[in-house]
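4 protein chains.
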Amino acid sequence: MLKVSVVGVTGYAGEVLIDLLLGHPQVRITDLSSRSIVKPKKISEIYPQFGGRLDLLCAPLDFKRIAASSDLVFLALPHTVSLQIVPKLLKAKKKVIDLSADYRLKNVKVYKDFYGARHTDKRNLKYSVYGLPELYRNKIKSAKLLANPGCYPTGAILALAPLAALNKIDPESVIIDAKSGVTGAGRKPADGLQFCEVNEDFRAYKVNVHQHSPEINQVLSRLAVKKLKVTFVPHLLPLNRGILQTIYVNKAQSAKRKAQNIVELYKKFYKNEPFVRIKPQGQFPRLKDVVGTNYCDIGIQDFGSRIIIISAIDNLLKGASGQAVQNMNIMYKFPETMGLI
Amino acid sequence: MLKVSVVGVTGYAGEVLIDLLLGHPQVRITDLSSRSIVKPKKISEIYPQFGGRLDLLCAPLDFKRIAASSDLVFLALPHTVSLQIVPKLLKAKKKVIDLSADYRLKNVKVYKDFYGARHTDKRNLKYSVYGLPELYRNKIKSAKLLANPGCYPTGAILALAPLAALNKIDPESVIIDAKSGVTGAGRKPADGLQFCEVNEDFRAYKVNVHQHSPEINQVLSRLAVKKLKVTFVPHLLPLNRGILQTIYVNKAQSAKRKAQNIVELYKKFYKNEPFVRIKPQGQFPRLKDVVGTNYCDIGIQDFGSRIIIISAIDNLLKGASGQAVQNMNIMYKFPETMGLI
Amino acid sequence: MLKVSVVGVTGYAGEVLIDLLLGHPQVRITDLSSRSIVKPKKISEIYPQFGGRLDLLCAPLDFKRIAASSDLVFLALPHTVSLQIVPKLLKAKKKVIDLSADYRLKNVKVYKDFYGARHTDKRNLKYSVYGLPELYRNKIKSAKLLANPGCYPTGAILALAPLAALNKIDPESVIIDAKSGVTGAGRKPADGLQFCEVNEDFRAYKVNVHQHSPEINQVLSRLAVKKLKVTFVPHLLPLNRGILQTIYVNKAQSAKRKAQNIVELYKKFYKNEPFVRIKPQGQFPRLKDVVGTNYCDIGIQDFGSRIIIISAIDNLLKGASGQAVQNMNIMYKFPETMGLI
Amino acid sequence: MLKVSVVGVTGYAGEVLIDLLLGHPQVRITDLSSRSIVKPKKISEIYPQFGGRLDLLCAPLDFKRIAASSDLVFLALPHTVSLQIVPKLLKAKKKVIDLSADYRLKNVKVYKDFYGARHTDKRNLKYSVYGLPELYRNKIKSAKLLANPGCYPTGAILALAPLAALNKIDPESVIIDAKSGVTGAGRKPADGLQFCEVNEDFRAYKVNVHQHSPEINQVLSRLAVKKLKVTFVPHLLPLNRGILQTIYVNKAQSAKRKAQNIVELYKKFYKNEPFVRIKPQGQFPRLKDVVGTNYCDIGIQDFGSRIIIISAIDNLLKGASGQAVQNMNIMYKFPETMGLI
């Protein structure tokens, strides 16, 4: 049994991660911690839903205790906090799956621009592996520090990867109109996220300046081997879980000339992927079909010079904790879908 | 034109009050203020929905400015804050409609038990009028300090008043199972009121210890001329506005003997009331029919020894700001429904 | 007092229309009817919220009775049904405000393609006036048959009109990502609109084939004096009321050259409009600010070669019944905001 | 591997049942059928969420095919339909878990009064076992025809069983104020269950005449060995899943005399139950903690002469399909929590 610990259990990602790890036949949770905990507290007092299932304390974050008790550490911490603990964990020969953004962006200047903080661990940043299994499975197998992708980037990149990799899109034309449930914003109290401020409302936020844009650009540009800069507008849906992204691209000149069945192209690109499902021609995904699962559903339609792609994921599963477990499965040679289907 | 001011505009009651007063043909809003405002700010910056309708500043709370500019002052402040400003306003010969609980409970010991603070203005408390027009219209006409009823008490008392006044209920048998939308909890950020903590959830809170119980008991006991103590359990509904209360009472011994059409009894009791609607036999109200209105809808059915009564109101209208305007109409001899239908 | 009747009261638009007309000081509702009513029924039995406010029967649709009792007839009927009654009403010298799509599209072939029915009243179609006051106020003044705009087109056209009229956009680049509350789909029971099929879900529908696309194209092409064909993808939001549309356009070559303050340009374009509000630079509208009002809020931002515009309306007010009343006000020389603010 | 089939897969209970059975290590789904299916259809076309997980056809209901392929048959059919198929299945020596109400009420007159149909299978009714494991585990072990409890009765009976069994309640005093999510009403389109008719609304229905009352009375009366008749008022919550019931009882005279820790009494009563969790003194359950699980959470508080009990379950799990799997586990000697935790 693999010994794992979760740091940062009071957020939604931490909560879902515990639930998944509890159901995983090859792991044992050995430590739960949180920065906001002052003295140890039963996890079932924090989350009554774990009553009867898990009898473990949640303790203050203590590097030594965590390192002593576990082989693999999941970090579900706010951005910039991981930077302080990752170097120590790696030094202690622990493997780390980091759910924050701290080790995703390879360019520290871009990191600073979007997260407002200087990157203090360039050494480990160099070796971090971006944990999107559909694109980087081989690297993930031997990763020591895994940067688990952001929720929006997961859905957006999977939706665009086939076209980007085959150079079929005009790199200036990509528009991503994203809509996310409220768990995407985290659990801490905020004026704008009170029930009555979100319920029966709908709004865009961080219009074209969201911190996930550079992550999308970084991965797609690498795939396309040319600079790609998306227009990205996220919106807040009055519901708990799920991200649906409606994506508009113009075909590259070369792609306009020859007709091609785009749906078949996607099916082929993802034919061995256990967690990507391509909708039949003329159908598009909805949140209901993916919420509660680790799937990414994708629908595509060719409208002549423009292609519309819609992808849907559960932001806390394929967009966070589910993908983290999928990555763990790959890193430890467990069946990739173990504990997830 | 009556000059009115609203103190405490950043809460939901204040917001709805401004909206109602804007549509009232006999009043002019002369001052808007809030304790949380540091320097004057356009009201349309706080509430974009008032853009194009109201071009007024919201200023810090300043007793003198308010007294100088208005004849009537609405206080939409948290409990205990009104105690500090009411004496000054009354001294300056202003009339006050207080939406807080500070001048509702005549017994200061009970006030302290339920609101956790000593009552510091017993002198004015003695003269405050409880603003439930259906029971106290005459007193309201000449009120100088009006204590606007709580949201739960409004729906509960209107549902029980006919039976209490006619002494038809066993005073120990009253059970009020109340359900409220989230605006009832006010606007300030709180962990338990974040969108994802309320959406797709339902829970009871303050089980049989809610501060509105003594208010209900005070009014019903006075009506029944005997001590009445209700069991009161409020619950939080995942919706913005509305309170529905399901009430169970056993008949008094005397009432059991003679058959009587309870629906007709209610219709008669409320026959001249513009804002109480009694449902036909066998029908019960729903929130949808009252939200956005100042009505209280009531359904009653006689099940032998037990009677079930269901009442529904909009907690921000008949349960707060709508009733405040109704009270103003009565105090100033405007038609009672003016600005409300 | 203007005598008005509403045909088709059992839908959401009919319901809201009654509410608005009841609050309008210059009209009297003289007749309510519905095709689904077999024998006359009190309107307060259909809609309990009108209890105490309106004591009128809702009767089966009877052309003669309606014509005899009213000067102006509002038709809130499903598409193709208006075609049968409009000719008769016009012949009887009644004015008509039609909320259906039957008299909006001037090209009957396009009508057939999108609504699946042959247009049987080309004669009157020729004279119908498209009721978007911000663009066609003068024609509306003398309209006898007014085609009230669709909900999506209202928000989309108002968002794009300034750029289209000034020829600042690449006509092939317009992408409208639209999101609507569920009242937009009408009231009739449908599998896909049951509560549990919509709640906690989000999905696109009629991707780029929605019947409102040609309406948007018709109006914008006329404005731009060149053919404009939008990509239009509507989505279903899990909420009752409101439409928010996020619109992406590339600038026309000519517009790229000279810098211009787009927000100011919009403010100027709409400076006399009582129901269009332009957000300050860097701000975007949300549903909450317009739901329950007749406003269209618009936010715009210039991102270099691409402009993003977001508009928000209440689909049942500015997107249907509110706009119908606004049009009535213009047709009968009432103040344009009467009964609406 | 146990071969199981599900009849009636198009309802919510059927859908959830498939999901649970797919995750159960000891069963294999061999047949899926529905009365509303005319020709066989892939289950993933009906429920896209099963895409990639289950590649099985859903076929029209055919008794012979079902009997031939399976050892155990789950019936998730509307009331009265089970009566037609159960006798045949039992004759063919198949075991049956019936999720409908057809074999729950032992008194056929009461069945007729509440379900409006004559009971046509009294012979098998006599042998049916009421599948509430916490009360009837021993009988369930050898059941051939298991009547799976109703959703409301499950939560209500578990909340009241300790007090009823120990004769601590006044049998005329029990009031159950129940609130259910919308999946409880089934999936078929109905006017009153359209999204906009439920969202932002709350209402009572079938006030004190709901068909689940006699089921609750039957079980509790048997436990208390005296006639018990509850007052039962269900309400419709604007959310998908979950039932919370707030229950008020007066103590029996005998129970008033001696003080007793009620929470401890409940903990003792349920101490070996894997799916009942008793809240600590002063705490009450909420839906969030049980939705998605097979738990029933119960909070109790003693208020002198009156006791308040609140129970919460997921209506589709402990209230239907989860409990059906729990019953299967008991019938086939699998660990009781298998596939459920």
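Chains as they are written, first to last, in this note's numbering: chain A, 2 to 342; chain B, 2 to 342; chain C, 2 to 342; chain D, 2 to 342.
Ideal Cβ placement from N, Cα and C applies to all residues, glycine included.
Bounding residues of the alpha helix (DSSP H) (the contiguous stretch that carries residue i)
i: residue 316 of chain C; result: Note, residue 316 of chain C: premise wrong, no alpha helix (DSSP H); not H, not E.
i: residue 270 of chain B; result: 263-270
i: residue 110 of chain D; result: 109-116
i: residue 45 of chain C; result: 44-47
Range covered by the beta strand (DSSP E) that runs through residue i
i: residue 200 of chain B; result: Unbroken run through residue 200 of chain B: none, as it is neither H nor E.
i: residue 188 of chain A; result: That residue, residue 188 of chain A, is in no beta strand (DSSP E); it is neither H nor E in DSSP.
i: residue 74 of chain B; result: 73-76
i: residue 4 of chain B; result: 3-8
i: residue 233 of chain D; result: 232-237
i: residue 147 of chain D; result: 146-148
i: residue 96 of chain B; result: 96-99
i: residue 251 of chain B; result: 244-251
Which of helix, strand or coil DSSP assigns to residue i
i: residue 83 of chain A; result: helix
i: residue 15 of chain A; result: helix
i: residue 326 of chain C; result: helix
i: residue 260 of chain B; result: coil
i: residue 69 of chain A; result: helix
i: residue 155 of chain B; result: helix
i: residue 174 of chain A; result: coil
i: residue 162 of chain B; result: helix
i: residue 225 of chain C; result: helix
i: residue 304 of chain D; result: strand
Cross-chain neighbours of residue i in chain D, by beta carbon under 9 Å
i: residue 201 of chain B; result: 182, 240, 241, 242, 243, 288, 289 and 292
Per-residue contacts from residue i into chain B (C-beta, under 7 Å)
i: residue 54 of chain C; result: 342
Cβ of residue i within 7 Å of any chain D Cβ
i: residue 26 of chain C; result: no
i: residue 249 of chain B; result: yes
i: residue 138 of chain B; result: no
CB contact below 7 Å: residue i versus chain A
i: residue 343 of chain D; result: The question about residue 343 of chain D has no answer here: the residues shown for chain D are numbered 2 through 342.
i: residue 152 of chain B; result: no
i: residue 20 of chain B; result: no
i: residue 178 of chain C; result: yes
i: residue 160 of chain C; result: no
7 Å Cβ cut-off: residues of chain D touching residue i
i: residue 278 of chain A; result: 52 and 53
Within chain C, partners of residue i - CB distance below 8 Å
i: residue 304 of chain A; result: 209 and 232
Chain-ordered neighbours of residue i on chain C, where CB pairs are closer than 9 Å
i: residue 267 of chain B; result: The contacting residues do not exist; residue 267 of chain B stays about 14 Å from chain C at best.
is_contact[residue i, chain C] using C-beta, thresh 7 Å
i: residue 333 of chain A; result: no
i: residue 307 of chain A; result: yes
Chain-ordered neighbours of residue i on chain A, where CB pairs are closer than 9 Å
i: residue 191 of chain B; result: 190 and 195
C-alpha distance - residue i paired with residue j, whole-angstrom precision
i: residue 113 of chain D; j: residue 80 of chain D; result: 11 Å
i: residue 259 of chain C; j: residue 288 of chain A; result: 43 Å
i: residue 188 of chain D; j: residue 13 of chain D; result: 6 Å
i: residue 126 of chain D; j: residue 235 of chain B; result: 41 Å
i: residue 323 of chain C; j: residue 315 of chain D; result: 42 Å
i: residue 186 of chain C; j: residue 199 of chain C; result: 12 Å
i: residue 159 of chain C; j: residue 85 of chain D; result: 60 Å
Closer than 8 Å at the beta carbon, the chain A residues around residue i
i: residue 311 of chain C; result: 205 and 208
Residue-level contact to chain B via CB, residue i, 7 Å cutoff
i: residue 285 of chain D; result: yes
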